[in-house]
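Numbering (the numbering used here), first residue to last: 73 to 397.
For reference, the structure discussed in these notes is given below.
Spelled out as structure tokens, the structure:
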């Protein structure tokens, strides 16, 4: 019993590094209003200038090497138990196309996506550079991605109403976590963001903060996904780079949900496996950082540039696949 308590305390200490805002549980098992735990100390990308180098398959770790581009033919559902072998970039799914079409009938904007999740989703360096201008990134061999940068202009650096440090699957559904200035009194952060922004797509990236109460994660996560689908927004799920729970149980749950609902799964865990220390800092949670210069071999040894590159490739693939006739 004592060892279990010590383990929980250790996990909470690790998580607090990300969670500038934590959550407490009420008697119903749902998170109550956010409470301050520790002042957030963001780990911003280094501003060290790199000398661009010509990319090679080995230096870039290109997740699309040897993979076909997007098609309109849905791929048979993969086995969630074999999630480690799923491709980094999502394959076309029947569910995604159906959700997108219904979302267009509901008035969702096909040129918008939302970020739903925790600190690694709310961070200004997650995709934001693609709205900041070409001086903040270099596509290198991925010049074709300029089209998706232009298409979703404005969504990359937008501050989401449903992406906050300390967020869990449960807090996304809890009105007390919503922005009181922009959201209704009974509106959850998830509902508020999707109502205000009206996106056609949404990255839904949670899991690390759910480790202390993993027994409730899948139930709440399914509610998040079902509500997103109900509102006609294509949810894009992702595996996480860390393994704070010790057995990858949360990545297993996320891929199971992706398979059952036939929605895109960005296998970010697989993308960082070739990196030094699998792209993680000493806390085994935060990602190593570097600038978004995709033609620089040293930069591409860091997790944040890989996260932004594969995130951009993911939204490009989903967009082209579901919006094509």
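Idealized CB from N, CA, C, for every residue including glycine.
Beta strand (DSSP E) runs wholly inside the segment 176 to 261, at least 3 long, in chain order: For the segment 176 to 261, the continuous beta strand (DSSP E) assignments of 3+ residues that do not extend past its boundaries occur at 181 to 189, in sequence order.
Opening and closing residue of the alpha helix (DSSP H) in which residue 284 lies: Taken as a continuous stretch (DSSP letters only), residue 284 belongs to no alpha helix (DSSP H), as it is neither H nor E.
Enclosing beta strand (DSSP E) for residue 307 [first to last residue]: 306 to 310 is the extent of the beta strand (DSSP E) around residue 307.
Range of the contiguous alpha helix (DSSP H) that encloses residue 377: Where residue 377 is concerned, the enclosing alpha helix (DSSP H) stretches over 375 to 395.
Alpha-carbon spacing of residue 251 relative to residue 259, whole angstroms: Each residue's Cα considered, the two are about 9 Å apart.
Reduced DSSP secondary structure (H/G/I, E/B, other) of residue 352: DSSP places residue 352 in strand when its eight states are reduced to three.
Rounded separation between residue 182 and residue 268 - CA only: Between residue 182 and residue 268, the C-alpha separation is close to 14 Å.
Buried versus exposed, by CB contacts within 10 Å (16 or more), residue 393: Residue environment for residue 393: buried (at least 16 other C-beta atoms within 10 angstroms of its C-beta).
Local conformation of residue 338 per DSSP, three classes: In the structure shown, the three-state DSSP call for residue 338 is strand.
Coarse secondary structure for residue 34, derived from DSSP in three states: A question about residue 34 goes unanswered here, because the residues of the chain that appear run from 73 up to 397.
Cα-Cα separation between residue 286 and residue 256, rounded to whole angstroms: When rounded, the distance between both Cα atoms is 29 Å.
Residues bridged to residue 276 (per DSSP): Bridge partners of residue 276: 188 and 309.
Backbone secondary structure at residue 364 - three-state DSSP: Note: residue 364 maps to strand in three-state DSSP.
Residue 271 (DSSP reduced to helix, strand or coil): If DSSP states are grouped into helix, strand and coil, residue 271 belongs with the strands.
Beta-carbon separation (whole angstroms), residue 59 vs residue 297, contact threshold 8 Å: Residue 59 lies beyond the range of the chain shown here (73 to 397); nothing can be said about it.
Span of the alpha helix (DSSP H), counted from its first residue to its last, around residue 332: Counting along the chain, the alpha helix (DSSP H) containing residue 332 begins and ends at 321 to 333.
Which of helix, strand or coil DSSP assigns to residue 153: Correct three-state label for residue 153: helix.
Touch test, the segment 155 to 166 against the segment 330 to 349, Cβ-Cβ under 8 Å, three pairs minimum: Segments in contact, yes.
7 Å CB neighbourhood of residue 245 in its chain, flanking five on each side removed: In its chain, beyond the 5 residues on either side, 260, 262, 292, 295 and 296 have a beta carbon closer than 7 Å to the beta carbon of residue 245.
Among 348, 339 and 357, nearest to residue 276 - alpha-carbon criterion: With distances taken between Cα atoms, residue 276 lies closest to 339.
Residue from 243, 224 and 380 whose Cα sits closest to the Cα of residue 233: It is 243 whose Cα lies nearest to the Cα of residue 233.
Residues near residue 241 by beta carbon distance below 7 Å, same chain, minus five either side: Cβ within range, chain order: 278, 282, 289, 292, 293 and 296.
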